[in-house]
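Written out below as structure tokens is the structure these notes cover.
Protein chains: 2
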Amino acid sequence: MADGERMRWWGWGTDAHAIELPPAAGELLAAELGIDPAARAERVELEDVRLPASALGGPARDALAAVAGLDAVDDGHAARVAHAAGRSYPDLLRLRSGALEHAPDAVVTPSSRAQLAPLLAECARHGVAVVPFGGGTSVVGGVEALRGAHRAAIALDLRGLDALVDVDPVSLTATAEAGLLGPELERRLAARGVTLGHFPQSFEHSTVGGWVATRSAGQASSGYGRIDELVEAVAAVTPAGALETLDVPATAAGPALRELVVGSEGVLGVIAEATLRVRPLPSERRYEGWSLPGFAAGAEALRALAQAGALPDVARLSDEDETRLTMALGSTGGVGERIGRGYLSLRGRSGGCLAFTGFEGTRDEVARRRGRAAAILRAHGAVALGQRPGRSWLRGRFAAPYLRDALLDRAVMVDTLETATTWANLQALYAAVGDALRAALRERGTAPAVMCHVSHVYRSGASLYFTFIAAQERGAELDQWRAAKRAATDAIVAAGGTITHHHAVGADHRDWLPAEIGPLGIELLRAAKDRLDPAGIMNPGKLLPG
Amino acid sequence: MADGERMRWWGWGTDAHAIELPPAAGELLAAELGIDPAARAERVELEDVRLPASALGGPARDALAAVAGLDAVDDGHAARVAHAAGRSYPDLLRLRSGALEHAPDAVVTPSSRAQLAPLLAECARHGVAVVPFGGGTSVVGGVEALRGAHRAAIALDLRGLDALVDVDPVSLTATAEAGLLGPELERRLAARGVTLGHFPQSFEHSTVGGWVATRSAGQASSGYGRIDELVEAVAAVTPAGALETLDVPATAAGPALRELVVGSEGVLGVIAEATLRVRPLPSERRYEGWSLPGFAAGAEALRALAQAGALPDVARLSDEDETRLTMALGSTGGVGERIGRGYLSLRGRSGGCLAFTGFEGTRDEVARRRGRAAAILRAHGAVALGQRPGRSWLRGRFAAPYLRDALLDRAVMVDTLETATTWANLQALYAAVGDALRAALRERGTAPAVMCHVSHVYRSGASLYFTFIAAQERGAELDQWRAAKRAATDAIVAAGGTITHHHAVGADHRDWLPAEIGPLGIELLRAAKDRLDPAGIMNPGKLLPG
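Just so you know, the protein sequences line up as chains A and B, in that order.
Following my numbering, the numbering of the first sequence begins with 7 at its first residue and continues without gaps.
Following my numbering, the numbering of the second sequence begins with 7 at its first residue and continues without gaps.
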């Protein structure tokens, strides 16, 4: 893989796709959030990033190099920095400031699946923690190289496991190694006339293994399914041995061990390969925008779609605040520009909530499904805005993390958090989390903008994805963020939502995991880990509370 | 619950629904399988059933009665016999012969969920094994009361936990206690305008807890989903404490512990309650028969339906042998009579494969879905046989276990086994298992009829359900059955199928579980069990190999 495809060490993606903040954005941030348009937050140069000295001793290093090759063990500064963090807001703060408390003592990049077991064995023998690393896009601290009780920690970079092992066009499955990045996977699948249809916001820089390990959900999950619904079988390499599940559409042979590996976040072993359920490549894609009368009414429309079995592949609904900001900023790849407040007023409606639907498939399928859904939406007060906003959304679907970098340059805090619950509980959860975020940030003197959207829809409920923006509290940026995060997550738990619908637990949510799965649930996961990872080398400090 | 609703102790269901073998059947069995039409196999009277003496000691008995009440602990002969076995072929042989090597030392029937934890605690303290018992319909030995390493074993009859705790009409979920039988659950859901849509063949005598514990699949699973897809949340009581999962449509909070409880077959704890995803009660049901050109061609038609997203709720395809026997016997509730060989010849086709589709929903939904599916079926050579055969199938959908009793009275061995695999592997698996069954039984001098159908269909594959019939080998009935079972299951494993698609592992499949999930998978399940059931009282001898 060309180096150019790896993310820039201090932020998202590549320079070629960087986004400038539109002038209107600066004005809006000043007007609404009191953000000084001249404020800037610097970031250090790569050479000025301070890391702890590498603690990977000679014998350990030699042992790892003996398995993977000398070139595969890299304790250079650039490699260590590039693998020191994911892309959460705290990660970005730490990277930009150049003060990294934790970093892998070396980066080890196996070239084949066969090297995984001996590498784990050597790490267990030499007391080296292992942090599986795909694209490094975790937004919950999942790839931070914590040593735990061990002398050192390595980032195990899986980019070398990038084979598309098999495509079965009859059964519509494809077996892919864990290190395959999203775009490369889809390119190779497209060459065989199929698609996985899994497009998380991190798609351009995340991997099959990362998706499976975090139980992710793509933007089109309402149609294609979440990753756990797309995994037909999985193969993991654990310190205790191989764990491989049968390639079968369904089975009653006991509890589903596949579902123990999916979402195991690197704490049980390394996901090596997954057999995924694919679909024929769609020949047609129809994306369009809608205006719904309000957030609750819009949610009811989505509920009606889901419970009629008429869900689009993509179904998104912004609340009033997110709609207003989208219109004002033209932030989501220019959607606001395309729609414009004028257009909505023209349609006889001001305010309201912006929604997007996307249908993919053959021309007939798309027409049929879209027709059914449109009738249901209109029955719930939806006004069609046409396909131009939809295409705009599509074009900008992976752009938000670049926008975040631009905002951080302006000393603006911006982060997201997400949850899900049943339809009956949705509005209560929505209100509780929004209130908690606003209160926590106002309390710190940094009044926020808080917005929310639904983007994963089910018969029994939906996800809620919150974005919060505020002026950074200079000198207390992490404390500011922690206060907001803690208040919101406490509110989620109190309101009965899940602490994470698709971002995973990582380090950032683990304190709340006992509330979600109970003390015995925690013990059960520990029991599994003790059996599969007796030396406790796999991704210390993640998933399970300390 | 009235006693009349419990199954007769030596066979299936109730006398009121018993089936006489049609005369044509006797002739066919004689002609094809050399079965003497005058042969009879007797069964003993209830009072002549020989059980081991109850080994439940006084202190243990008193402790259990102190929790659940004196009336709730029954070591009488009738209760012990009624809970001594499931309804597998070996179970029926043993019951009919009156020689029960194993039986619960007592039957304990809690009246509320709150009694479960103290009952398990007393059992652990007194060294008493616990066999959770719902309807007692296991066909894999799952409810046989094996003491394992303990002094005694009780059947824990869950009929007293029969509350429909809640119906959420907004989120379309319903929370039901584990002891609710299928028909009662559906009656109460119907009163609220909803349905679970889960109709395994055992429906009339099986329970919510039993379905969840065995990861079952109903006849309409191709539309409504298998039980694991219908479980939104589950609550289990284990010896180590309560394990309850959050009521949420989807979550990324780590591995799915819900999927560890589903399919746990009573070896981790007692399922107390499940929150299930329900659908609006359908106002229309359209069931019809089809003739497909052959089994492979028919499977291709089902694959096309699945991969077009056009699956019916019920989709079944019989192979040539099952079609022929169905026609000849009129066995499946009279379907054969309704269709008749004449009718098929009239349609210009002799031989061929019988298929059924069922659609449920609103009138528009049914019309729309049926129209799509019919076009696809016709494109694959299907000829419509009309709705009469479909309605006949519906009427007889739960009848087969009664027919089995009638055949056993005639000294005929009849059993079923089931598997699943990907489409690419389906015909190879079908051939391998059929060949193994025929060879094993011919070798014993009892040439069999072997038939097969597909009844659960997925985008990536399908299930295969085999029925085998032969004259019983008098005096060696169990050996005969074991030989067939072993040959077929070995063939399944060798051909890459799952050892069970929906019957579960129980006692009968556990020797093959290591081949399916690997030695580390077994170790992982043991680790979970050791943590949740440290005294090992939960359902000894099931799921995990000895």
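No residue lacks a Cβ here, since even glycine has one placed at the ideal position from N, Cα and C.
For B/Val420, the beta-bridge partners assigned by DSSP are B/Ile475.
With 16 or more neighbouring CB atoms inside 10 Å of its own CB, A/Leu549 falls in the buried class. B/Gln313 reaches chain A at Leu178, counting residues in chain order whose Cβ is nearer than 7 Å.
Annotation: the stretch 242-285 of chain B contains the following complete segments of the beta strand (DSSP E) (minimum length 3 residues), in chain order: 247-250 and 276-283. For B/Ala510, the closest Cβ of chain A is nearer than 8 Å.
Residue-level contact check: B/Leu526 touches chain A, since one or more beta carbons of chain A fall below 8 Å from its beta carbon. Of the candidates B/Ala381, B/Glu33 and B/Arg46, the residue whose Cα lies closest to the Cα of B/Leu414 is B/Arg46. DSSP lists B/Ala182 as the beta-bridge partner residues of B/Leu170.
Residue environment for B/Leu106: buried (at least 16 other C-beta atoms within 10 angstroms of its C-beta).
Put simply, the backbone Cα of B/Ala405 is about 17 Å away from that of B/Ala334. For A/Met419 against A/Glu483, the beta-carbon gap comes to about 7 Å, under 8 Å, which counts as contact. Contact between the stretch 196-208 of chain B and the stretch 292-304 of chain B is not established, with fewer than three Cβ pairs separated by less than 8 Å. Under the 8 Å Cβ criterion, the stretch 518-533 of chain B counts as touching the stretch 532-540 of chain A, having at least three qualifying pairs.
In the structure shown, A/Thr220 adopts helical secondary structure according to DSSP, grouped into three states. What A/Arg232 touches in chain B, judged by beta-carbon distance under 7 Å, is Ala256, going in chain order. By the neighbour-count criterion, in which 16 or more other beta carbons inside 10 Å mark a residue as buried, A/Glu53 falls on the exposed side.
Distance from the Cα of A/Cys129 is smallest, within the candidate group A/Val87, A/Arg232 and A/Gly275, for A/Gly275. With a threshold of 8 Å between beta carbons, A/Glu279 makes no contact with chain B.
In this structure, B/Asp370 is the residue among B/Asp370, B/Arg264, B/Val254 and B/Gly215 with its C-alpha nearest to the C-alpha of B/Pro288. Proximity of chain B to A/Ser270 at the Cβ level (cut-off 9 Å) is accounted for by Gly260 and Pro261, in chain order.
In the three-state reduction of the DSSP assignment, A/Ile498 falls in the helix class, which pools H, G and I. Uninterrupted beta strand (DSSP E) stretches at least 3 residues long and entirely within the stretch 92-162 of chain A occur at 112-114 and 134-139, given in chain order.
Look at B/Val87 here: in three-state DSSP terms it is helix. Counted as a single uninterrupted DSSP element, the stretch harbouring A/Gly367 is not any alpha helix (DSSP H) but the beta strand (DSSP E) occupying residues Cys359 to Gly367.
Between A/Ala180 and A/Leu282, the CB-CB gap stays under 8 Å. In the structure shown, A/Trp296 adopts extended strand secondary structure according to DSSP, grouped into three states. Residues of the stretch 421-452 of chain B whose Cβ lies closer than 7 Å to any Cβ of chain A, in chain order: Ala426, Thr427, Thr428, Trp429 and Ala430. Here A/Thr332 carries a helix assignment [DSSP, helix/strand/coil]. Take A/Ala490, set aside five residues on each side of it, and the residues of its chain with a beta-carbon closer than 7 Å to its own are Leu443, Ala446, Leu447 and Phe474, in chain order. Inclusion of B/Glu192 and A/Pro261 in the CB contact set at 8 Å is not warranted, their separation being larger than that value.
Contacts with chain A at 8 Å (Cβ-Cβ) do not include B/Thr143. Taking one beta carbon from each stretch, the stretch 384-392 of chain A and the stretch 60-80 of chain A have fewer than 3 pairs nearer than 8 Å; the two do not touch. Taking the CA atoms as reference points, B/Leu432 sits about 11 Å from A/Val254. In the three-state scheme derived from DSSP, where H, G and I count as helix and E and B as strand, A/Ala453 is classed as coil. Here the stretch 121-140 of chain B makes no contact with the stretch 22-37 of chain B; the two share fewer than three CB pairs at distances below 8 Å. The beta carbon of A/Ser461 lies closer than 7 Å to those of Gln225, Arg322, Ser469 and Tyr471 in the same chain, with the five residues before and after it left out.
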